[in-house]
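Enquirer: Okay, here's the structure, questions in a sec.
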Amino acid sequence: MSEIIQSIIGYKVEVCGEIEVLFPCPCCGFRTLTERYNPMEETGYDICPYCNWEDDGTIDANTYRSINRGSIADYRQRIRENPNRYYINKWIKT
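Heads up: the sequence shown begins at 2 in the numbering used here, then just goes up one per residue.
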């Protein structure tokens with residue numbers, strides 16, 4: 002985090018605090034989600050800030066999801082065509 006801040010503001014800073022536990026996005030694979038979809042509790046629905054996929058429990062990459070207006074495969078194709086270069090090094094890929 003300190004490297005990202007340093008690249009933006011131009012000088013070194015110290016970042017303190019607990020490391021946030023993040024879960025991998027089922028679409029892009031980056032650890033961006035603060036919670037995973039849980040069908041038993043109907044919780045989750047976290048939106049990935051990298052690829053904008055809303056985690057709705059979908060596992061099949063080719064299943065169209067109305068909430069996301071596409072499938073995981075569609076989103077992955079969009080990422081390949083238009084990568085979000087600013088955020089690429091922010092999250093750990095699983």
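C-beta: ideal position from N, C-alpha, C; glycine also.
1. So what does DSSP say about I68, is it helix, strand or coil?
2. For the structure I just gave you, are there three or more beta carbon pairs, one from the segment 32–40 and one from the segment 14–24, closer than 8 Å?
3. Pull up the DSSP beta-bridge partners for E55, would you.
4. Can you name, in chain order, every residue of its own chain whose Cβ lies under 8 Å from the Cβ of E15, other than the five neighbours on each side?
5. Please confirm whether N63 and I73 have their CB atoms less than 9 Å apart.
Expert: Well, looking at it:
1. In the structure shown, the three-state DSSP call for I68 is coil.
2. Yes: the two stretches touch, three or more of their Cβ pairs being nearer than 8 Å.
3. Among the bridge pairs identified by DSSP, E55 is matched with I48.
4. Cβ neighbours of E15 within its own chain (closer than 8 Å, five residues either side excluded): S3.
5. Cβ distance < 9 Å, so N63 and I73 count as in contact.
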